[in-house]
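So the sequences go chain by chain: C and E.
Under this note's numbering, the first residue of the first sequence carries the number 2, and numbering increases by one thereafter.
Under this note's numbering, the first residue of the second sequence carries the number 854, and numbering increases by one thereafter.
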Amino acid sequence: MTYDIVDSQLIVKLSGELDHHTSESLRKKIDQCYNSRNLSSIIFDLRDLKFMDSSGIGLIMGRYKICKEKSGNVSIVSTSPYINRILKMSGIYKIIRVFSTIDDAIKG
Amino acid sequence: MVEKGIDKNYMKVEFLSKSSNESFARVVVAAFASQLDPTIEEISDIKTAVSEAVTNAIIHGYEYGEGIVVVEAKLEGNKIEITVEDFGKGIENIQKAMEPFYTSKPNLERSGMGFTVMETFMDELVVESEVNKGTKVIMTKVINSQSNRE
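Right, dumping it as structure tokens:
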């Protein structure tokens, strides 16, 4: 995971595989970064992700709840048909916007 | 005599209920399934379904305790049958566990989508469970071999 901060939005760039095993340490890292800098929103960049199961959905939904408490938002950047399929199945599209570029996600 | 295609094949692997074995399990099954010449999408489906079943065994079956997870796969014709079994606490109400978004562990940020993912990505899903004995998930998928499609 690498991150970037633009306009008090935390951009989390994920690569490799997101499953139950990897999500536990990612959650800690993301939350620590988000809380220590008093940020509002999180953008998940999933374009380099090779694998994601429902643990990824749990991770994103958990961050959505945290951001909402701070009147922030969560958005996703994803272009992989495979990742988009599992996102769609989870119903996450109903509450979280998915963009195909980082710039679009930053603009909201 | 040279055999054409796959008639029947079988494999079994067992490992400790450690979360680091989730990726091991899905890679093993995917490698075995590759004998049926699946598409990238079919391989992704299988990997995801196996990941969900093995994660369930670790989190819910053994509740992070130490146990053995058994993964078996059978190839027959163009069909793969995958079994993921644990000998943990079992599921009291299978129907409820299979409801989308239901999770018995909401504090762990589980999405409750595990069984829904398995059902969607595979063609058939059967869950057998007995309290304090364990859980067995049997999933099958028909592979439309790439060479058959050409």
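Positions of the beta carbon are idealized from the N, C-alpha and C atoms, including for glycine.
- Residue 27 of chain C is not a Cβ neighbour of residue 47 of chain C, given a cutoff of 8 Å.
- Contiguous alpha helix (DSSP H) elements confined to the region 18 to 60 of chain C occur at 21 to 37, taking only those with 4 or more residues.
- For the 8 Å CB-CB criterion, residue 62 of chain C and residue 983 of chain E do not form a contact.
- Of E:927, E:941 and E:899, the smallest CA-CA separation from residue 989 of chain E is found for E:941.
- When Cβ-Cβ separations below 8 Å define contact, residue 35 of chain C makes no contact with chain E.
- Of all residues in the region 855 to 881 of chain E, the ones placed with a Cβ closer than 9 Å to any Cβ belonging to chain C are 871, 872, 873, 874, 875, 876 and 879, in chain order.
- The beta carbon of residue 907 of chain E sits closer than 8 Å to those of 874, 875, 878, 879, 922, 924 and 937, all from its chain and outside the five residues before and after it, given in chain order.
- The beta carbons of residue 49 of chain C and residue 901 of chain E sit no closer together than 8 Å.
- For residue 31 of chain C and residue 12 of chain C, the gap between their C-alpha atoms comes out near 10 Å.
- With contacts defined as CB atoms closer than 8 Å, residue 905 of chain E and residue 869 of chain E fail to qualify as a contacting pair.
- Contact annotation: in the region 894 to 922 of chain E, residues whose CB is within less than 8 Å of a CB in chain C are 894, 897, 900, 901, 904, 905, 908, 911 and 912.
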